[in-house]
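Structure follows, in structure tokens:
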């Protein structure tokens, strides 16, 4: 146990203070499909065919708040420039919601037991060749998330720990856990990062106001370090 404590102190000491970018704000609904805009990002496969396939276009701004015992419904707008059939997929779907792969509709009615923040939800549209995704978003369930009518976000970054307290190489780092909340003593929301090489994370779905952030490191044995220095960001 003493050896574990020494490891925890070493990992914590090597976590650099959070670097929060100024890229915080609100994504605005454009009201139309456009090839550019805050709500759309593209990935397109390269090929040697005479006519290059064009990626689908998808747009939409999901609501960031879902009241308990009330229906939540979001459906993106998508089209394919080449006229191909578009299908949808989702990552990090809330457990209380269903998702239609034909329309991209995300819907459901959260209950009291579903209260919490569902972060890093990603909806993608594909024509089978290329794809486009909405920016990651979050949905807060419960009255405490009522202010999340828009989608504020903050970028976090840190340094990877490489050694233990006795100077030996750290070889069993599994990843990191991001903590965030409305107060320094209320970092009640978490997101797990399962790659030790990933040293940045975008927290989405933040309502207006002051938010606090911290990061811990986690070993393959499940040992978690103390939190890094707490950073903060004003979302407006």
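Residue numbers (this note's numbering): 729 to 964.
C-beta: ideal position from N, C-alpha, C; glycine also.
Assumed close pair residue i, residue j - CB separation to whole angstroms, cut-off 8 Å
i, j, result
"residue 865", "residue 932", "5 Å"
"residue 907", "residue 901", "That pair is no contact at about 18 Å."
"residue 838", "residue 793", "Not a contact, Cβ separation roughly 11 Å."
"residue 880", "residue 935", "6 Å"
"residue 784", "residue 806", "6 Å"
"residue 886", "residue 927", "5 Å"
"residue 940", "residue 912", "5 Å"
Start-to-end residues for the beta strand (DSSP E) that takes in residue i
i, result
"residue 786", "785 to 787"
"residue 861", "859 to 862"
"residue 841", "Premise fails: residue 841 is in no beta strand (DSSP E) and is neither H nor E."
"residue 801", "800 to 802"
"residue 819", "815 to 819"
"residue 686", "The chain is shown from 729 up to 964; residue 686 falls before or after that span and cannot be answered."
"residue 913", "Careful: residue 913 lies outside any beta strand (DSSP E) and carries neither H nor E."
Distance, residue j Cα to residue i Cα
i, j, result
"residue 769", "residue 816", "Since pLDDT at residue 769 reaches only 35, below the 50 mark, its modelled position is unreliable, and no value is offered."
"residue 972", "residue 812", "Residue 972 lies beyond the stretch modelled for the chain, which goes from 729 to 964, so this question has no answer here."
"residue 820", "residue 948", "23 Å"
"residue 845", "residue 919", "10 Å"
"residue 840", "residue 870", "8 Å"
"residue 804", "residue 882", "23 Å"
"residue 763", "residue 782", "Note that residue 763 scores 31 on pLDDT, short of 50, meaning its location in the model is unreliable and no value can be drawn from it."
"residue 954", "residue 896", "19 Å"
"residue 780", "residue 854", "15 Å"
"residue 964", "residue 937", "6 Å"
"residue 950", "residue 943", "15 Å"
"residue 818", "residue 789", "15 Å"
"residue 802", "residue 867", "11 Å"
"residue 874", "residue 909", "14 Å"
"residue 787", "residue 832", "11 Å"
"residue 772", "residue 830", "Caution applies to residue 772, whose pLDDT of 41 falls short of 50 and renders its modelled position unreliable; the value that the coordinates give is listed next. Distance between the alpha carbons of residue 772 and residue 830: 21 Å."
"residue 795", "residue 899", "44 Å"
"residue 904", "residue 827", "29 Å"
"residue 834", "residue 872", "22 Å"
"residue 810", "residue 849", "27 Å"
"residue 847", "residue 863", "12 Å"
"residue 791", "residue 814", "23 Å"
"residue 884", "residue 836", "31 Å"
"residue 767", "residue 851", "Summary for residue 767: the model assigns pLDDT 36, below 50, so the residue's position carries little reliability, and this model does not support an answer."
Paired residues, beta bridge with residue i - DSSP
i, result
"residue 921", "904"
"residue 939", "961"
"residue 945", "904"
"residue 884", "929"
"residue 868", "793 and 845"
"residue 780", "Answer is none; residue 780 lacks a bridge partner."
"residue 952", "946"
"residue 897", "891"
"residue 909", "940"
"residue 835", "801 and 826"
Burial state of residue i (16 or more Cβ within 10 Å)
i, result
"residue 859", "buried"
"residue 945", "buried"
"residue 825", "buried"
"residue 808", "buried"
"residue 956", "buried"
"residue 925", "exposed"
"residue 797", "exposed"
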